[in-house]
Amino acid sequence: MDFKFGVLLIISAQICTTLALPPCVCARNLNPVCGSDGEDYSNPCRLECAAFKSGTNITLAKYGPCVGSLPQVVVREECICDNENSPVCGSDGQTYSNECRLNCHKSENPSLKVDRSGPC
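Numbering-wise, the sequence shown is residues -20 to -1, 1 to 100 according to mature numbering (1 follows the signal peptide of the UniProt record, and there is no 0).
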């Protein structure tokens, strides 16, 4: 399981500090699962994260997407990039602030690729 959350205690001779770790840090791998709530999740970690955030007991109903009488839910992956300013020109003629940002748009345009470094 790659779901990480909890509390980190830092103890020294004089000071005890509690730091909350980020509640939902999941890999972006695609391994679809169906939750007991009838929702599709991109991987088991995302399911556990949803349960943690909602405070409800969502369990793994099955591996693979939900099917049947429950509606299908499309889970869009969150795309996280840094703010590095290293422009690239995409094959769509658009300038992206960096290659990561271009890759984020591949979900909408799978054939998108870097045409060249620098702005278009």
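The beta-carbon is built from N, C-alpha and C at its ideal position, and this holds for glycine as well. Since the structure is predicted, the reported quantities are computational estimates derived from the model, not experimental observations.
To the nearest angstrom, how far is the alpha carbon of E64 from that of R81?
10 Å
Inter-residue spacing [alpha-carbon to alpha-carbon] between I60 and N83:
10 Å
Do T75 and P90 have their C-beta atoms closer together than 8 Å?
no
Look up A31 in the DSSP assignment and say whether it is helix, strand or coil.
helix
Only counting the same chain, and skipping five residues up and downstream in sequence, which positions put a Cβ closer than 8 Å to that of K86?
L92
Between which residues of its own chain and I38 is the CB-CB distance below 7 Å, once the five residues before and five after are set aside?
G15, S16, D17, L27, A30, A31
Apply the 10 Å Cβ neighbour rule to E19 and answer buried if 16 or more other Cβ atoms are within range, or exposed otherwise.
buried
Kindly indicate the opening and closing residues of the beta strand (DSSP E) around C84.
Careful: C84 lies outside any beta strand (DSSP E), inside the alpha helix (DSSP H) at 79 to 84.
Would residue 158 be called buried (16 or more neighbouring beta carbons within 10 Å of its own) or exposed?
Residue 158 lies beyond the stretch modelled for the chain, which goes from -20 to 100, so this question has no answer here.
Quick check: the Cα distance between residue 104 and D62, rounded to an integer number of angstroms?
Here the chain has residues from -20 to 100 only, and residue 104 is not among them.
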